[in-house]
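Each remark here refers to the structure printed beneath this line.
Residue numbers (my numbering): 17 to 121.
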């Protein structure tokens, strides 16, 4: 996978910000807390792991509603019902993994 920033479009039409750093054969999909957290604490993870002798490619992303990714109108009860739930975020992680081609991580 190429390093750098990539915007992906989810099947629901929303856009998510992703960023990949590092070049290793080990792939780590880094998730932030949320909803409402963001990717920043993962920004130097690949470099810090390299210092420990681990060559890891780290991919991070901002979940829907966070930082650089699209933010739905959560004042709309339908959006809250559809998006602010455990199943939505599990499916989002799987869709991000699929769209980025991360099969082994």
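By construction, the Cβ of each residue, glycine as well, lies at the ideal position given by its N, Cα and C atoms.
*How far does the alpha helix (DSSP H) with residue 19 in it reach, from first residue to last?*
Sequence index remark: in the chain shown, residue 19 carries index 3 (1-based). Residue 19 -> no alpha helix (DSSP H), and no H or E assigned at all.
*Assigned exposure category for residue 110 - 16 Cβ within 10 Å defines buried*: Numbered from 1 along the chain shown, position 94 holds the residue referred to as residue 110. Residue 110 is exposed by the Cβ-count criterion.
*In its own chain, which residues sit with a C-beta less than 6 Å from the C-beta of residue 58, not counting the 5 before and 5 after it?*
Here the question's residue 58 lines up with position 42 in the chain shown. Here the set comprises 46 and 76.
*Is residue 116 near the ligand SAM, in the sense that its beta carbon is under 6 Å from a heavy atom of that ligand?*
Looking at this structure, you won't find the ligand SAM or any other ligand, since it has none at all.
_How far does the beta strand (DSSP E) with residue 37 in it extend, from its first residue to its last?_
Here residue 37 refers to the residue found at position 21 of the chain shown. Unbroken beta strand (DSSP E) run through residue 37: 31-37.
*In terms of DSSP beta bridges, what is residue 46 paired with?*
For this step, residue 46 is matched to residue 30 along the chain shown. Partner(s): 76.
*Are the beta-carbon atoms of residue 78 and residue 55 separated by less than 7 Å?*
Counting from 1 along the chain shown, the entry for residue 78 is found at position 62. Counting from 1 along the chain shown, the entry for residue 55 is found at position 39. Their beta carbons are under 7 Å apart, which means residue 78 touches residue 55 by this criterion.
*Can residue 73 and residue 38 be called in contact, C-beta distance under 7 Å?*
Position 57 of the chain shown, counted from the start, is the residue given in the question as residue 73. Position 22 of the chain shown, counted from the start, is the residue given in the question as residue 38. Yes.
*Is the Cβ-Cβ distance between residue 115 and residue 23 less than 7 Å?*
For the purposes of this step, residue 115 is taken as the residue at position 99 of the chain shown. For the purposes of this step, residue 23 is taken as the residue at position 7 of the chain shown. Contact flag unset, no.
*Going by CA-CA distance only, name the one from 29, 28 and 36 that's closest to residue 117.*
Position 101 of the chain shown holds residue 117. Nearest C-alpha to residue 117: 36.
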